[in-house]
Amino acid sequence: MCILLYRLVKKMKIQEFLYFCLVLVTASAKGHENGRGVITVVVPEGRDAILPCSLRTKLSLQHEVFDWKKDGQKEVFLYSARDEYNNGRPGQDEQFKGRVSHFPEELKLGNASIVIRNTKLVDSGNYSCIIPHLQPKEQSFNIKLIVGAAPKPFVGILSITEDGALLKCEVPGAFPKPSVEWKDSDGNILPAEEPRVSYRGDRYYVSLLITVTKTDTNVFRCVATQQEISHVTDDEIYVPHCGKTAENCCGVGVVVAAFCGGVLITAILFVVIKYIRR
87 MCILLYRLVK KMKIQEFLYF CLVLVTASAK GHENGRGVIT VVVPEGRDAI LPCSLRTKLS
147 LQHEVFDWKK DGQKEVFLYS ARDEYNNGRP GQDEQFKGRV SHFPEELKLG NASIVIRNTK
207 LVDSGNYSCI IPHLQPKEQS FNIKLIVGAA PKPFVGILSI TEDGALLKCE VPGAFPKPSV
267 EWKDSDGNIL PAEEPRVSYR GDRYYVSLLI TVTKTDTNVF RCVATQQEIS HVTDDEIYVP
327 HCGKTAENCC GVGVVVAAFC GGVLITAILF VVIKYIRR
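Numbering follows the numbering used here, with no gaps: position 212 of the sequence shown is 298.
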C-alpha cells in the first residue's frame with residue numbers, strides 16, 4: 087500500500103500534496119471514531135480515488151475472489167483468479183466501465199485495493215470490498231467515498247447608498263453543501279440575510295446578501311466552509327466609502343460611464359469614416 091501511495095504522491099503538485107495529507111488525516115480520524123472499520127476517503131472531483139482493501143496477513147490473493155460493490159448493489163469491480171471486468175467479464179455497472187482498475191503486482195501481498203479514475207460527484211457513496219473464500223471466514227472492508235466540488239466563491243457590489251453597501255456572495259456548484267458567512271477584516275462574523283440555496287445536478291448553489299457600513303478597512307470577506315471534506319475557501323472585496331451621501335458615488339459612476347461612452351462612440355465614428363473613404 088505504501089508503494090501505491092508513493093506513486094500517487096510523487097505526481098502531485100505541492101497544493102495537491104497538502105490536500106492529500108489532509109485527506110489522509112480525515113480518513114484516519116473518521117475510520118477510528120466509528121469503531122466499525124469504516125474508512126472515509128475524500129477526493130476532489132476529477133481526481134483519482136484509491137479505495138483501500140488489504141489483508142493484514144499479506145496472504146496472496148492471486149487465486150482468490152474479491153468483489154467491490156457500491157451501496158450494496160452496483161457492481162464496481164470483480165476479480166476472480168485472474169478473471170476480471172477489464173478482461174471482458176460481463177456484469178460491471180455502466181457507471182464504472184473503463185474507470186476502475188486494481189493493482190496486479192500487489193495481489194501477492196494481499197492487496198485488493200482499487201482505483202477509480204476521473205471521479206464524479208455521483209461516485210460518492212458507501213463501498214464494500216468482500217473477499218468471500220478466505221479461511222476461517224470471509225473478510226470485508228467498508229469505505230465511504232466523498233467526491234467534493236469546492237469552487238471558490240465570488241463577491242460583488244450590488245448597490246451603494248448613504249446607508250451602506252449591498253454585497254452579494256455566490257458559491258456556484260458546490261458539493262457537499264457549504265455553509266457561507268460574511269466576515270470583516272478582523273474575522274468577525276457579520277449578520278447577513280438568510281442564504282438562498284438551490285440544488286441542481288447534484289450540486290448546491292448558494293448566494294448570500296449583506297448590507298455593510300463603513301469600517302476602518304472597508305474590506306469584507308465571504309467564506310465558504312465544507313466540513314465533510316475539511317475545505318475552506320474565500321473571496322474578499324473592498325467597498326469604497328461614498329461620504330455622507332450617495333451622490334459622490336453616483337457622480338463618479340456617471341463620469342466613468344460618460345467617458346467610456348465617449349470613447350466607444352469615437353471608435354465607431356473612426357471606423358465608419360475610414361470605411362466611407364475607402
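Cβ atoms here follow ideal geometry from the backbone N, Cα and C, with glycine treated the same way.
Under the three-state reduction of DSSP, Glu-267 is assigned to strand.
The continuous beta strand (DSSP E) containing Pro-258 extends over residues 250-260. Taken atom to atom, the span from the alpha-carbon of Glu-131 to that of Arg-142 is near 30 Å. Within the same chain, Cβ atoms closer than 6 Å to the Cβ of Ser-265 are found at Thr-311, the five residues on either side in sequence being excluded. Between the region 267-274 and the region 157-172, the count of Cβ pairs shorter than 8 Å is below three; the stretches do not touch. Between Leu-220 and Glu-150, the C-beta spacing is below 9 Å. In the DSSP assignment, Cys-308 falls within the beta strand (DSSP E) that extends over 305-312. The criterion of a C-beta distance shorter than 9 Å is satisfied by Thr-205 and Ala-135.
Per DSSP, Asn-274 has no beta bridge partner at all. The region 249-266 makes no contact with the region 152-163, as fewer than three CB pairs between them are under 8 Å.
Where His-317 is concerned, the enclosing beta strand (DSSP E) starts and stops at 317-324.
In the structure shown, Asn-204 falls within a coil segment according to DSSP collapsed to helix, strand and coil. Only exposed fits Asp-288, as fewer than 16 other CB atoms lie within 10 angstroms of its CB. For Leu-164, the secondary structure class from DSSP, reduced to helix, strand or coil, is strand. According to the DSSP assignment, Gln-225 belongs to the beta strand (DSSP E) that extends over 225-234.
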